[in-house]
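Chains as they are written, first to last, in the numbering used here: chain A, 12 to 119; chain B, 74 to 533; chain C, 87 to 253. The beta-carbon is built from N, C-alpha and C at its ideal position, and this holds for glycine as well. Data first, discussion second: the structure below is written as structure tokens.
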Amino acid sequence: MDPSLTLNPLLLVSGLLFAIGLTGVLARRNLLIIFMCLELMLAAGNLTLVAFSRFHLVDGAPAYDAHVFVFFVITVAAAEVAVGLAIIIALFRSKKTTDVTEVTTMKY
Amino acid sequence: ARLGILGLGVVFLLLFAVQSPSNAASPVWKFYAAPDNLSLFFKGVALLTTILSLVMAIDFAPIVLSKIAPPDQGAHPQAGLGEFYSLPVFVCAGLMWMASANNLVSIFVSIEVVSITFIILAGYMRRNVGSLEAGVKYLILGALSAGFLVYGFAWLYGITGSMELGPITEALAKPGVNSTAAMFAFSLILVSLAFKLGAAPFHIWVPDVYQGAPTPITAFLSVGSKAGAAIVTLRLVYPYLTSPVLGTKALAILVVIAILTLLLGNLGALAQKNLKRLMGYSSVGHSGFLIMALASTSYPGAVNALSPVAVFAYYIGAYLLMTLLVFLVLNVLNAADTGETLDSIRGLAKRSPFLAGILLIALASLAGVPLTTGFIGKFLAFKIALDAGQWMLIAAALIGAAAGFYFYLKIAASMYLDAPSSSDGAAIPVNLLTKVSMVILAILILLTGIVPNVIVKLFS
Amino acid sequence: MTFLFYFFSALVLFGGLGVVFAKNPVSAAFSMVISFLGMAALFIQLDAFLIGVLQVLVYAGAIMVLFLFIIMLLDVEEVEKRKLSLPTVIRAGGVGAALVVLISTVLMRGGTAGQALPKLVASPEKSDVLRIGELLFGTYWLPIQIIAVLLLTATVGVVVLSKRELK
Chain A
12 MDPSLTLNPL
22 LLVSGLLFAI
32 GLTGVLARRN
42 LLIIFMCLEL
52 MLAAGNLTLV
62 AFSRFHLVDG
72 APAYDAHVFV
82 FFVITVAAAE
92 VAVGLAIIIA
102 LFRSKKTTDV
112 TEVTTMKY
Chain B
74 ARLGILGLGV
84 VFLLLFAVQS
94 PSNAASPVWK
104 FYAAPDNLSL
114 FFKGVALLTT
124 ILSLVMAIDF
134 APIVLSKIAP
144 PDQGAHPQAG
154 LGEFYSLPVF
164 VCAGLMWMAS
174 ANNLVSIFVS
184 IEVVSITFII
194 LAGYMRRNVG
204 SLEAGVKYLI
214 LGALSAGFLV
224 YGFAWLYGIT
234 GSMELGPITE
244 ALAKPGVNST
254 AAMFAFSLIL
264 VSLAFKLGAA
274 PFHIWVPDVY
284 QGAPTPITAF
294 LSVGSKAGAA
304 IVTLRLVYPY
314 LTSPVLGTKA
324 LAILVVIAIL
334 TLLLGNLGAL
344 AQKNLKRLMG
354 YSSVGHSGFL
364 IMALASTSYP
374 GAVNALSPVA
384 VFAYYIGAYL
394 LMTLLVFLVL
404 NVLNAADTGE
414 TLDSIRGLAK
424 RSPFLAGILL
434 IALASLAGVP
444 LTTGFIGKFL
454 AFKIALDAGQ
464 WMLIAAALIG
474 AAAGFYFYLK
484 IAASMYLDAP
494 SSSDGAAIPV
504 NLLTKVSMVI
514 LAILILLTGI
524 VPNVIVKLFS
Chain C
87 MTFLFYFFSA
97 LVLFGGLGVV
107 FAKNPVSAAF
117 SMVISFLGMA
127 ALFIQLDAFL
137 IGVLQVLVYA
147 GAIMVLFLFI
157 IMLLDVEEVE
167 KRKLSLPTVI
177 RAGGVGAALV
187 VLISTVLMRG
197 GTAGQALPKL
207 VASPEKSDVL
217 RIGELLFGTY
227 WLPIQIIAVL
237 LLTATVGVVV
247 LSKRELK
């Protein structure tokens, strides 16, 4: 492990990743890619958690609370992907499109 | 479904029997806040909402059925309904965990249980495109709010170094806390909770999902997930408000959101035709009042008689009664396939006076007509806002309430005054169970309107 | 050693950008896999071995495979042919840039700046997986139950939503 690694660059990297994910969600129109960017944002959260836990030493070892949280975030993300894709398939089967702009039949 | 209701009823009774365990501090209870009155009250709210939405689900069944498995394919008549009744029970479990979670991990996990199950429920009627759209929209925004929540919690954990809410409050109260990062975490978490509450800048999804989802689910969503998000907001905002360093900044953000929500919610409702969309905007308006109650938590400096938490919980109780009653009536209308638009209920009074009467009580209470629980809720919110001296907030609330009067009573007027639009004057059939629950709710609204301390006693 | 760190974070960031600007979903999925692998390497570098392996196994392995499977199943034709409409991209870019600026200001002013890497105990007696396992099933027993319920409802939901005709 190199001694020169500090916390800040790590937080910057995960912050950038979060921002990329957010822009992706807002900019893209294809449902699948939006969904991928959402997973990216969750992963960025994980990275920050691990970074913080590495720099908060509890009696010599990284505080593992954050690792448990990351473990749960991964499980939740997996469940979310399963349900999300099920809905996207159902939508695709009934409307033949994954483009968000067509999914706006409800107005007044 | 009846079994579901029975089960929940028993749990509801048990709820009152639970006393705080002898050693609340033992590690086993680390996650479960010692069941103080507040979490017990919110569990009661969750249970009541689930029972009522199951009642609605029963008469909504024929429509759901027609949307899932068209009979021509010889599907078994009860196919697909089993899940429709059982999933709300899981959501109720999630809500109850949420009510008493005091650790970041269990808060996050229980919120996810609720939001993922709601995605399924919203998009349940696969054949009808509207419901699928509601599901997709709720999915995207649910996942977005989860992303912000994780990121906010990560920063919160980073600053305070612990997952428990207790130590977090102390860590934030210390003067040395680095305020920029703390405020950054606060705003991230607030963004995520604003999605769930349907607060101002993030309420675009509310009308669409409310309209698309099946009616019992819309009711459940509007009350259950809002109450759950409310209790979590209360728990997460509390450390920020009490810490001297961050108190003022946090308060300012809350005030801004409250003003935005009040205005956008109520004004948005004015131009609505579809009743469910209108209820969506009304729920945004009401969450505006909720945040107003939260925002006028005068920080340690000023002291006021009525603790904002009491007002907050009271308002949710009142909100629960009124909205569920409206949805009960809407659901019956919907089940009888008279559509959801405004003109579908014109002249309802002549067709089925019972329904019209019930709807009138609910609408009056939503608008805040005196003698109803809605009035008391709004009155309390105004009172503590006055104590905390938030003038801007009160102005916005007044506009919101005025707009509220207009569009709620517009419906009431169209029910009574205009002639029935549809030619068949047949009274709309209402089955016994729904009728009983409607009457109970109506009585409760009037009762708590006259003697408000029924609810206040529950959780003070 | 820090070269490795920069290399992996570059991998992560370019993978992320690849997802946003990919022409078709398949290449987006692949660039996401790259990003997740880079992230797993970062985790390993931060001595979070279990999380690193989990990241590869669950994220890169299961979720991406699911995505690819769905993309293949739906054979999403090239819907993205027409250029991304400018206004939305600019707005989204704006939000992203604002967030980046916000994050960097928080980092500059925040107290987290100079924290050098604290010395890790040479060889902790219990391995990190054992510790997390203890923690997971010891103190965090309640969230495990909640997760079980969550996975149950997710599976029920998927079945309900996607079965052709419900028996």
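Between residue i and chain B, is any beta-carbon pair separated by less than 8 Å?
{"i": "T59(A)", "result": "yes"}
{"i": "V79(A)", "result": "yes"}
{"i": "V170(A)", "result": "Since the displayed chain A opens at 12 and closes at 119, residue 170(A) lies outside it and no answer follows."}
{"i": "Y119(A)", "result": "Any reading at Y119(A) is ruled out, since the residue's pLDDT is 33, under 50, leaving its predicted position unreliable."}
{"i": "A240(C)", "result": "yes"}
{"i": "P37(C)", "result": "Shown here, chain C extends from 87 to 253; a query on residue 37(C) therefore has no answer."}
{"i": "L21(A)", "result": "no"}
{"i": "L236(C)", "result": "yes"}
{"i": "I98(A)", "result": "yes"}
{"i": "V84(A)", "result": "yes"}
{"i": "V246(C)", "result": "yes"}
{"i": "L77(C)", "result": "With chain C covering 87 to 253 only, the question about residue 77(C) has no answer from this structure."}
{"i": "L43(A)", "result": "no"}
{"i": "V192(C)", "result": "yes"}
{"i": "I233(C)", "result": "yes"}
Under a three-way DSSP split, which group does residue i fall into?
{"i": "N110(C)", "result": "coil"}
{"i": "A549(B)", "result": "This structure leaves residue 549(B) out entirely; chain B is present only between 74 and 533."}
{"i": "D497(B)", "result": "Any reading at D497(B) is ruled out, since the residue's pLDDT is 48, under 50, leaving its predicted position unreliable."}
{"i": "P280(B)", "result": "helix"}
{"i": "Y92(C)", "result": "helix"}
Assuming residue i and residue j are in contact, meaning their beta carbons sit under 8 Å apart, how far apart are those beta carbons, in whole angstroms?
{"i": "I330(B)", "j": "V384(B)", "result": "Contact doesn't hold; Cβ gap of about 17 Å is too wide."}
{"i": "A90(A)", "j": "L221(C)", "result": "Contact doesn't hold; Cβ gap of about 22 Å is too wide."}
{"i": "T239(C)", "j": "L160(B)", "result": "6 Å"}
{"i": "I34(A)", "j": "G124(C)", "result": "A quick correction: the sequence has Thr, not Ile, at residue 34(A). Rounded, the Cβ-Cβ distance is 19 Å, inconsistent with contact."}
According to the Cβ coordinates, are residue i and residue j closer than 8 Å?
{"i": "M352(B)", "j": "Y283(B)", "result": "yes"}
{"i": "L120(B)", "j": "L397(B)", "result": "no"}
{"i": "G473(B)", "j": "G390(B)", "result": "no"}
{"i": "L22(A)", "j": "A62(A)", "result": "yes"}
{"i": "D281(B)", "j": "K210(B)", "result": "yes"}
{"i": "N339(B)", "j": "G450(B)", "result": "no"}
{"i": "M47(A)", "j": "A114(C)", "result": "yes"}
{"i": "I137(C)", "j": "V87(A)", "result": "no"}
{"i": "A538(B)", "j": "V118(B)", "result": "The question about residue 538(B) has no answer, for chain B in this structure spans 74 to 533."}
{"i": "V84(A)", "j": "I218(C)", "result": "no"}
{"i": "A227(B)", "j": "G234(B)", "result": "no"}
{"i": "S95(C)", "j": "V105(C)", "result": "no"}
{"i": "L363(B)", "j": "L517(B)", "result": "no"}
{"i": "L367(B)", "j": "T321(B)", "result": "no"}
{"i": "G32(A)", "j": "G220(B)", "result": "yes"}
{"i": "A440(B)", "j": "Y481(B)", "result": "yes"}
{"i": "A435(B)", "j": "V405(B)", "result": "no"}
{"i": "G167(B)", "j": "I192(B)", "result": "no"}
{"i": "S183(B)", "j": "I156(C)", "result": "no"}
Is the Cβ of residue i closer than 8 Å to any Cβ of chain A?
{"i": "E243(B)", "result": "no"}
{"i": "A227(B)", "result": "yes"}
{"i": "A146(C)", "result": "no"}
{"i": "G224(C)", "result": "no"}
{"i": "G208(B)", "result": "yes"}
{"i": "I157(C)", "result": "yes"}
{"i": "A216(B)", "result": "yes"}
{"i": "L140(C)", "result": "yes"}
{"i": "L136(C)", "result": "yes"}
Would you please verify whether the beta carbon of residue i is less than 8 Å from any beta carbon of chain C?
{"i": "L27(A)", "result": "yes"}
{"i": "I31(A)", "result": "yes"}
{"i": "L49(A)", "result": "no"}
{"i": "G35(A)", "result": "yes"}
For a contact meaning CB atoms closer than 9 Å, what does residue i contact in chain D?
{"i": "I457(B)", "result": "No chain D is present in this structure, whose protein chains are A, B and C."}
**Request:** May I have a chain-ordered list of the alpha helix (DSSP H) segments no shorter than 4 residues that lie completely inside the stretch 185–239 of chain B?
**Result:** 202–233
**Ranges of the alpha helix (DSSP H) found wholly within the stretch 303–370 of chain B, counting only runs of at least 4** = 317–342 and 348–368
**Request:** Scan the stretch 32–93 of chain A and note each continuous alpha helix (DSSP H) run of 4 residues or more that stays entirely inside, going in chain order.
**Result:** 42–66
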